[in-house]
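To keep things clear, I will list the structure first and then write my remarks on it.
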Amino acid sequence: MEKNITAAMGKAAENTLQQLFDCRVQKILQKPITADQQHLDEFSCFIGFTGSYNGLFVLKCSKQTALKNGACMLGGEVSAAEALDAAGEILNIITGAVKKYLHKEQNPFTITPPALISGRESTIRVPRIETYSIISYKFNIALSGNVYIELFYK
Amino acid sequence: MDEKFINAVKRGVDDTFSQMLGWSVQNVAGKKISLDQAIQEEYCVVIGFAGNMQGLITLKCSKKVAVQAASGMLGTEISPDDVADAIGEILNMITGAIKSHLAVIDDPFKVAPPTIVSGKDYKVFVKSKIDGDITLFKFEAEKIGSFYIEVYVTQNEDK
Numbered sequence: 220m221e222k223n224i225t226a227a228m229g230k231a232a233e234n235t236l237q238q239l240f241d242c243r244v245q246k247i248l249q250k251p252i253t254a255d256q257q258h259l260d261e262f263s264c265f266i267g268f269t270g271s272y273n274g275l276f277v278l279k280c281s282k283q284t285a286l287k288n289g290a291c292m293l294g295g296e297v298s299a300a301e302a303l304d305a306a307g308e309i310l311n312i313i314t315g316a317v318k319k320y321l322h323k324e325q326n327p328f329t330i331t332p333p334a335l336i337s338g339r340e341s342t343i344r345v346p347r348i349e350t351y352s353i354i355s356y357k358f359n360i361a362l363s364g365n366v367y368i369e370l371f372y373k
Numbered sequence: 382m383d384e385k386f387i388n389a390v391k392r393g394v395d396d397t398f399s400q401m402l403g404w405s406v407q408n409v410a411g412k413k414i415s416l417d418q419a420i421q422e423e424y425c426v427v428i429g430f431a432g433n434m435q436g437l438i439t440l441k442c443s444k445k446v447a448v449q450a451a452s453g454m455l456g457t458e459i460s461p462d463d464v465a466d467a468i469g470e471i472l473n474m475i476t477g478a479i480k481s482h483l484a485v486i487d488d489p490f491k492v493a494p495p496t497i498v499s500g501k502d503y504k505v506f507v508k509s510k511i512d513g514d515i516t517l518f519k520f521e522a523e524k525i526g527s528f529y530i531e532v533y534v535t536q537n538e539d540k
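Just so you know, the sequences run in chain order U and V. Counting from 1 along the first sequence, just add 219 to a position and that's the residue number in our numbering. Counting from 1 along the second sequence, just add 381 to a position and that's the residue number in our numbering.
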């Protein structure tokens with residue numbers, strides 16, 4: 220079951236990013252990490268999920284990458300707020316795709332609305348009392364740069 | 382946000398702080414706010430929920446209040462990780478208490494894990510075009526300081 224969600228996440232993210240940006244998307248990394256090895260970046264968004272699987276989907280990228288992604292999605296120059304919104308929407312679409320990959324499982328999860336965070340000096344963590352596995356994914360989007368996705372699950 | 386949910390938030394916060402920390406907290410303000418009026422504090426915990434109702438609940442407080450709360454729960458020797466864990470657990474319990482006060486609604490929502498955001502220069506938002514309201518509650522804990530609960534909630538149309 221663990222393998223299902225981590226594999227689904229990798230495939231869903233790669234396919235979604237390719238479809239959204241219509242350019243070469245390369246998965247550079249997929250590996251388990253500890254909480255203190257999390258990537259830090261200027262823009263982050265996360266979506267909680269609860270069901271057979273519980274946890275968080277987190278997407279992080281630089282402001283510059285988010286602005287380029289937002290411009291591509293919305294068709295023109297975008298503000299930082301719109302770029303952050305677009306990052307939340309990208310993560311929302313990816314989580315929908317993950318759920319599709321898990322369609323054979325009964326009630327894999329229900330998602331919560333995205334929360335968006337701007338600021339390089341912030342850290343995101345879940346309480347240590349909850350033992351989540353964390354998988355880190357790094358994708359390079361030819362159009363805009365690197366996007367980091369972290370999957371916290373149990 | 383309807384009156385029932387507002388009362389559930391007030392009771393949930395009051396129950397949690399009195400039972401876990403022995404703090405007497407007073408709700409000194411509660412109002413609808415726009416996204417750009419959201420409070421920024423050094424610590425922020427976010428819990429998403431989904432079900433018949435969906436949304437986000439945040440607890441925002443200064444480092445001083447967060448450390449006092451963690452000390453009250455864990456003792457005097459505490460690390461920054463302990464502080465983050467403690468305030469995450471507090472919002473988890475508040476959310477559970479809110480859910481129990483809404484129990485007349487059949488399974489109002491399921492709760493995702495708490496996420497703790499900390500740092501000096503960051504902002505936490507919900508998406509900029511939202512369907513529901515954000516309600517800000519300000520609470521005062523005597524001799525300790527103030528903290529804020531923000532609730533963004535919508536009915537799930539798919540349910």
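Heads up, the beta-carbon is just placed ideally off N, CA and C, and yes, glycines get one too. Given the structure is predicted, the values throughout are model-derived calculations rather than measurements.
- [ ] Output yes if chain U places a C-beta closer than 9 Å to the C-beta of Phe398 (chain V); else output no.
- [x] no
Task: Those residues which DSSP pairs with Asn365 (chain U) across a bridge - done: U:Asn359
Task: Cross-strand partners of Asp514 (chain V) (DSSP beta bridge) - done: V:Val534
Open item on the list: Let me confirm a value: Pro346 (chain U) is counted as buried when at least 16 other C-beta atoms fall within 10 Å, else exposed. Which label applies?
Closed with: buried
TODO: Output yes if chain V places a C-beta closer than 9 Å to the C-beta of Ser337 (chain U); else output no.
DONE: yes
Task: 7 Å Cβ cut-off: residues of chain V touching Glu349 (chain U) - done: Pro494
Task: Any chain V beta carbon closer than 9 Å to Val317 (chain U) - done: no
TODO: Taking only the alpha-carbon atoms, compute the straight-line gap between Ala419 (chain V) and Ile336 (chain U) and give it to the nearest angstrom.
DONE: 12 Å
Task: Test: Asn473 (chain V) CB closer than 9 Å to a CB of chain U - done: yes
TODO: Determine the burial state of Asn388 (chain V): buried for a count of at least 16 other Cβ atoms within 10 Å of its Cβ, exposed for fewer.
DONE: exposed
TODO: Please name the residue in V:Ile497, V:Asp463, V:Glu531 and V:Ile428 whose C-alpha comes closest to that of Asp410 (chain V).
DONE: The displayed chain sequence assigns Ala, not Asp, to residue 410 (chain V). For the residues V:Ile497, V:Asp463, V:Glu531 and V:Ile428, the minimum Cα distance to Ala410 (chain V) belongs to V:Glu531.
- [ ] Check the Cβ-Cβ distances between Ile428 (chain V) and every residue of chain U, and say whether any is below 9 Å.
- [x] yes
TODO: In the DSSP assignment, find the beta strand (DSSP E) that holds Ala410 (chain V) and state where it starts and stops.
DONE: Val406 to Ile414
Open item on the list: Helix, strand or coil for Val505 (chain V)? Go by DSSP, reduced to three states.
Closed with: strand
Task: Per-residue contacts from Leu437 (chain V) into chain U (C-beta, under 8 Å) - done: Thr331, Pro332 and Ala334
Task: Span separating the alpha-carbon of Leu483 (chain V) from that of Phe386 (chain V) - done: 7 Å
Task: Of the residues U:Ile354, U:Arg243, U:Phe371 and U:His258, the one placed nearest Ser363 (chain U), counting alpha carbons only - done: U:Arg243
- [ ] Keeping to the same chain, check which residues put their C-beta closer than 8 Å to that of Ala305 (chain U); ignore five residues upstream and five downstream.
- [x] Ala285, Asn288, Gly289, Met292, Leu293 and Val297
Open item on the list: Asn234 (chain U) and Ala361 (chain U) - do their beta-carbons sit closer together than 9 Å?
Closed with: no
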